[in-house]
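Peer 1: Below is a structure I'd like to ask you about.
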């Protein structure tokens, strides 16, 4: 059975490969975004050497790594699930001998692998040639960050699955999906590092899973968070992975009793 789930990863990877030109143009778009944020933060820093614990070099690397990491963990599982619920095709998944939620996660991972190899890696090389990004030389940091990036994908995908499953109850969750995307980009630290949030908002973020997606892993990678504190980041990511399983399975159990097909 496990080989069948691995096939879903391979099929999604090959499907994405058929439309790879779209992602080559995406590299340019991400490079422009990184450039815009680089010059913005450079102006904010002015003559100061550091702000909120970030040096200029760390902030430059943080911007590049955060945006390129987003290329890996980003997916549209919420929209896929919502569309399948609205057109009724999800009903067919109920009678198939596999876990629908696990299949969606595998498909998202196949998309993530494609983005990693053909978007994130070449994009990072281009960005490093254009901007003064300083990557760590310690292979341990790279290994730790790779595992953290995997958890970033898992947590983000879980949030997407939760958002998609809401279509069972609200029928049209387009607004919720848009709100979720803005919240993830903002509160995960892609747009603004969490260290720059007001004290009260920063305290709230400690009780939400968003910072475990981008801010904490990128802080370790840039050296802002010492390597000996990396286990704490691992622990937080793992806890949120487990916590998010509870509402996902609870909502899925309730949704199976509620399914109705619009339009026949």
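Numbering (the working numbering), first residue to last: 200 to 463.
Yeah, the Cβ is synthetic: ideal placement off N, Cα and C, and Gly gets one too.
Can you name, in chain order, every residue of its own chain whose Cβ lies under 7 Å from the Cβ of residue 252, other than the five neighbours on each side?
Peer 2: What you label residue 252 is simply residue 53 of the chain shown in a count that begins at 1. Excluding residues within five positions, the ones whose Cβ falls inside 7 Å are 394 and 423.
Peer 1: Note down, in chain order, each residue of its chain lying with its Cβ closer than 7 Å to the Cβ of residue 318, except the 5 sequence neighbours on either side.
Peer 2: The count along the chain shown starts at 1 and reaches residue 318 at position 119. Only 222, 225, 226 and 270 meet the Cβ criterion.
Peer 1: Measuring only the C-alpha atoms, how far is residue 311 from residue 345?
Peer 2: In the chain shown, counting from the first residue as 1, residue 311 sits at position 112. In the chain shown, counting from the first residue as 1, residue 345 sits at position 146. Answer to the nearest angstrom: the Cα atoms are 13 Å apart.
Peer 1: Does at least one heavy atom of the ligand ATP sit under 6 Å from the Cβ of residue 259?
Peer 2: Ligands are entirely absent from the displayed structure, and the ligand ATP is therefore not among its contents.
Peer 1: Residue 249 by DSSP, collapsed to three states: which one?
Peer 2: Within the chain shown, residue 249 is the residue found at index 50, counting from 1. Three-state DSSP puts residue 249 in a strand.
Peer 1: Please report the distance separating the alpha-carbon of residue 215 from that of residue 435.
Peer 2: Counting from one through the chain shown, the residue named residue 215 turns up at place 16. Counting from one through the chain shown, the residue named residue 435 turns up at place 236. Roughly 32 Å separates the two Cα atoms.
Peer 1: List the residues that DSSP assigns as beta-bridge partners of residue 214.
Peer 2: In the chain shown, counting from the first residue as 1, residue 214 sits at position 15. Bridge partners of residue 214: none, in fact.
Peer 1: Restricting to Cα atoms, I'd like to know which of 260, 325 and 220 is closest to residue 421.
Peer 2: Numbered from 1 along the chain shown, position 222 holds the residue referred to as residue 421. Per the Cα distances, 260.
Peer 1: For residue 351, which residues from the same chain have a beta carbon less than 8 Å from its beta carbon, with the 5 sequence-adjacent residues on both sides left out?
Peer 2: The residue labelled residue 351 in the question sits at position 152 within the chain shown. Only 268, 271, 272, 411, 412, 413, 416 and 436 meet the Cβ criterion.
Peer 1: Using CA atoms only, rank isn't needed, just tell me which of 403, 398, 409 and 427 is closest to residue 388.
Peer 2: The sequence position of residue 388 within the chain shown is 189, counting from 1. Checked all of 403, 398, 409 and 427; the closest Cα to residue 388 is 409.
Peer 1: Tell me the DSSP secondary structure of residue 204 in three-state form.
Peer 2: Here residue 204 refers to the residue found at position 5 when the chain shown is read from its first residue. If DSSP states are grouped into helix, strand and coil, residue 204 belongs with the helices.
Peer 1: In three-state terms, what does DSSP make of residue 336?
Peer 2: Reading the chain shown from its first residue, position 137 is the one you call residue 336. The answer is coil: DSSP assigns residue 336 none of H, G, I, E or B.
Peer 1: Less than 7 Å separating the beta-carbons of residue 306 and residue 443?
Peer 2: Taking the first residue of the chain shown as position 1, residue 306 is located at position 107. Taking the first residue of the chain shown as position 1, residue 443 is located at position 244. Going by C-beta atoms, residue 306 is not nearer than 7 Å to residue 443.
Peer 1: Hey, how far is the Cα of residue 308 from the Cα of residue 206?
Peer 2: Against the chain shown, residue 308 aligns to sequence position 109. Against the chain shown, residue 206 aligns to sequence position 7. For residue 308 and residue 206, the distance between alpha carbons rounds to 11 Å.
Peer 1: In whole angstroms, give me the CA-to-CA distance for residue 375 and residue 255.
Peer 2: Indexing the chain shown from 1 puts residue 375 at position 176. Indexing the chain shown from 1 puts residue 255 at position 56. Cα to Cα, residue 375 sits roughly 36 Å from residue 255.
Peer 1: On the CB-based measure, 16 or more other CB atoms within 10 Å of its CB, does residue 331 come out buried or exposed?
Peer 2: Taking the first residue of the chain shown as 1, we reach residue 331 at position 132. So residue 331 counts as exposed.
Peer 1: Put residue 259 into one of helix, strand or coil per three-state DSSP.
Peer 2: Translated into the one-based positions of the chain shown, residue 259 becomes position 60. Helix, per DSSP.
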